[in-house]
Every structure is written in structure tokens, then in C-alpha cells.
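Position in the sequence shown (first residue = 1) + 235 = our numbering. The block underneath contains the structure these notes are about, expressed in C-alpha cells.
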Amino acid sequence: RAARSDERVSYEDWAPLNSKGSAGGTYTLIDPESETGDWIYRVVDVDRAGRNTVLCQALVEVQTQGEKILQTVLAVGFAAVFGGFVAAGVMLDPIQ
Numbered sequence: 236r237a238a239r240s241d242e243r244v245s246y247e248d249w250a251p252l253n254s255k256g257s258a259g260g261t262y263t264l265i266d267p268e269s270e271t272g273d274w275i276y277r278v279v280d281v282d283r284a285g286r287n288t289v290l291c292q293a294l295v296e297v298q299t300q301g302e303k304i305l306q307t308v309l310a311v312g313f314a315a316v317f318g319g320f321v322a323a324g325v326m327l328d329p330i331q
């Protein structure tokens, strides 16, 4: 959801968000309405007095298909250049 927005998913609406007790637990949420961009998801505890405490947060980046392809091409290109430098260093090593 947008940063500091009032959009919330509550434990009242989504059962997997029910408290796991004082020992903590694993919480999952699949947001079917997410769009391309960077999103921050927070687990917020609301006590009986209505005070909010952020327990944890996760930054999620949703990429387009083009961004995924570009990232893969750049990673392969970097690996090829790095491998070339390593091979050149081995071949040009004067100690051999």
C-alpha cells in the first residue's frame, strides 16, 4: 500500500493475521491489488488504548516484465565481463 496510507488489512478481515501470541509468528499476505512500484508493508500492533506500534516492515518491489528481463541481461553481462577479467588475469600472470 502507499506509504502512510490509511489502507489496511485487518486481522478481522484476514484470518492469517490473527495474533500468534507473545512468542511471535510468521504472517503472510498476498496483495492481489499491488501495482508496479515500491511498496512498504507493516505489521502494526494496536493495543486496547488504540496506540499503534510498528512490529516489523518489509519493502517489496514489484517489477514489470521488461524490468525483469533488463535485470537478467545486466547480471549476465556483468558475469561475462567479470569472467573475462579473471581469465585475462590468469593468462597474463607472470608467475606461471
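Note that beta-carbon positions come from the ideal geometry of N, C-alpha and C, so glycine has one too.
Tell me which residues share the same chain as residue i and place their Cβ nearer than 6 Å to its Cβ, disregarding the 5 neighbours each side in the sequence.
{"i": "D280", "result": "T288 and L290"}
{"i": "E296", "result": "D273"}
How is residue i classed by DSSP in three states: helix, strand or coil?
{"i": "E296", "result": "strand"}
{"i": "V278", "result": "strand"}
{"i": "T288", "result": "strand"}
{"i": "R236", "result": "No answer about R236 holds up, because its pLDDT of 48 lies below 50 and its placement is not dependable."}
Identify, in the order they occur along the chain, each residue of the same chain with its Cβ nearer than 7 Å to the Cβ of residue i, setting aside the five sequence neighbours on each side.
{"i": "V278", "result": "Y262, L290 and C291"}
Thinking residue i and residue j are a contact (beta carbons under 8 Å), I'd like their distance in whole angstroms, please.
{"i": "I265", "j": "L294", "result": "Not really, about 16 Å apart at Cβ, beyond 8 Å."}
Do residue j and residue i count as a contact pair if the criterion is CB distance below 9 Å?
{"i": "Q298", "j": "T271", "result": "yes"}
Using a Cβ-Cβ cutoff of less than 8 Å, which residues in the same chain neighbour residue i once the five nearest sequence positions on both sides are dropped?
{"i": "L309", "result": "none"}
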